[in-house]
Amino acid sequence: MNAIRPLRNPAELVEAGLVAPEQIASIEAVAERYAVAISPAMAALIDPNDPSDPIARQFVPDAAELTTTPEEREDPIGDLAHSPVEGIVHRYPDRVLLKAVHVCPVYCRFCFRREMVGPQGLGTLSPEAMDKAFAYIADHPEIWEVILTGGDPLVLSPRRLTEIMQRLSAIGHVKIVRFHTRVPVVEPERIDEALIAALKCSGKTAYVALHANHPRELTLEARAACARLVDSGIVMISQSVLLKGVNDDPDTLADLMRAFVETRVKPYYLHHPDLAPGTSHFRLSIEEGRALVATLRGRISGLCQPTYILDIPGGHGKAVIGPDAIRENGGCHTVMDFRGGEHVYPPSE
Ligand code: SF4
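Going by the working numbering, the sequence shown opens with residue 304, and the numbers climb by one from there.
Okay, here's the thing in structure tokens:
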């Protein structure tokens with residue numbers, strides 16, 4: 304299908320053939336609780352005849368979202384526990400999140416901030432709150448990196464982004480500005496000269512962390528948008544979520560990581576899904592995740608290897624949870640090669 308505007312409500316999803324008319328009552332119940340938006344680029348990628356389409360699974364609401372399990376929580380990674388002023392999350396010493404906006408061009412059904420983003424979410428920071436957020440960054444010389452996230456910071460106009468970047472450029476101890484975004488994939492046309500100029504105007508080193516979960520998302524248009532960013536001197540890294548029914552098989556994961564590298568996006572993080580409300584149908588066990596990630600070693604180039612991580616619930620930060628290749632063994636070590644063979648290190652001869 305070829306929508307020209309984002310699909311934002313159950314009636315539009317039915318009209319587009321993405322939701323069966325008999326499902327509309329349950330989908331309306333989901334949409335009352337969690338934001339819905341599917342950009343034209345993502346709607347065009349969905350095969351409405353495939354009930355297991357991995358793009359649809361990420362964006363089309365599902366009645367399963369109405370089921371909340373006991374371990375799920377509204378703030379799964381504990382942003383609020385580390386928010387000294389509105390819009391700032393200061394979890395690690397040398398970096399902060401700056402959440403200027405809580406709007407996204409698409410709303411992912413597994414979103415870890417689904418209680419904060421969308422029309423009923425935390426909105427855009429007021430000018431006064433922005434002043435306080437910048438004052439906090441300026442007052443903390445240990446802050447080396449500012450990560451713009453939210454929400455998706457690249458939904459802001461180039462004018463608003465320029466304002467933010469000019470304010471950061473005045474803070475000498477901030478050296479790196481990172482943008483967490485889905486825009487190059489879901490609205491590649493937004494990545495134009497004006498937006499790129501805004502990202503670069505601070506004179507700081509700019510990184511763009513691209514969120515994508517399935518190799519089909521790396522369309523020709525998305526790859527061209529990434530090329531415009533990389534050609535301008537911006538460094539790109541990836542982040543993906545390991546999701547049941549989207550990318551939880553070795554071939555899809557390998558293709559996704561290769562697609563990133565082909566696009567000059569260095570694979571960075573593969574997140575274990577967070578305990579966000581109504582997302583249990585996306586979660587696999589950590590054992591399943593580790594077994595999948597183990598298949599990547601040796602199968603695809605070292606350039607393509609992501610780091611598998613878990614955000615510890617409660618705001619305790621990230622932990623690397625990938626498969627171990629080494630274990631201590633009576634004064635020496637046993638090391639596993641990529642085929643599963645075991646070797647003693649150092650070798651006895
Ligand atoms: S783009 Fe990020 S913040 Fe927005 S809905 Fe998706 S996961 Fe959540």
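Glycine included, each C-beta is placed from N, C-alpha and C at the ideal position.
Given the structure is predicted, the values throughout are model-derived calculations rather than measurements.
- Per DSSP, A319 is not a residue of any alpha helix (DSSP H), being assigned neither H nor E.
- I391 sits in a strand when the DSSP states are folded into three classes.
- For L451, the enclosing beta strand (DSSP E) has its first and last residue at 448 to 453.
- For I440, the uninterrupted alpha helix (DSSP H) run begins and ends at 430 to 441, by DSSP.
- Within the segment 575 to 623, the runs of alpha helix (DSSP H) at least 4 residues long that lie entirely inside it are, in chain order, 589 to 599.
- When A441, S651, L451 are compared, the shortest CA-CA separation from G634 is found for S651.
- With a cut-off of 7 Å, the C-beta of C635 is classified as distant from the ligand SF4, since no heavy atom of the ligand falls inside that distance.
- Comparing alpha carbon positions, the residue from I479, V406, E490, L523 closest to L502 is I479.
- Put simply, of H517, E524, G548, V533 the residue whose alpha carbon is nearest the alpha carbon of L559 is H517.
- In the structure shown, S472 adopts helical secondary structure according to DSSP, grouped into three states.
- Taking 7 Å as the cut-off, one finds at least one heavy atom of the ligand SF4 near enough to the beta carbon of D455.
- The shortest CA-to-CA distance from P351 to any of L321, Q423, A367 is the one to L321.
- The C-beta separation of A525 from V488 comes to about 4 Å, placing the pair in contact by the 8 Å criterion.
- For the 8 Å CB-CB criterion, T427 and V404 form a contact.
- For M345, the uninterrupted alpha helix (DSSP H) run begins and ends at 343 to 348, by DSSP.
- If only complete runs of 3 or more residues are kept, the segment 492 to 554 shows the beta strand (DSSP E) at 508 to 514, 538 to 544, in order along the chain.
- Beta-bridge annotation (DSSP): M560 is not paired with any residue.
- In the same chain as R481, and ignoring 5 residues on each side of it, the C-beta atoms closer than 8 Å to its own belong to E448, V449, I450, L451, A509, Y510, V511, A512, in chain order.
- When G475, S588, A562, N312 are compared, the shortest CA-CA separation from F437 is found for G475.
- By the neighbour-count criterion, in which a residue is buried when 16 or more other Cβ atoms sit within 10 angstroms of its Cβ, V647 is exposed.
- Beyond the five residues adjoining it in sequence on each side, C411 comes within less than 6 Å, by CB distance, of Q361 in the same chain, given in chain order.
- DSSP lists C635 as the bridge partner or partners of N632.
- Taking a contact to require three or more Cβ pairs closer than 8 Å, the segment 307 to 326 and the segment 390 to 404 do not qualify as touching.
- In the assembly as shown, V486 is a buried residue. Its beta-carbon has 16 or more other beta-carbons within 10 Å.
- The criterion of a C-beta distance shorter than 8 Å is satisfied by P461 and A500.
- Relative to the ligand SF4, the beta carbon of H575 is positioned no closer than 7 Å to any heavy atom.
- Taken through DSSP and simplified to helix, strand or coil, T371 comes out as coil.
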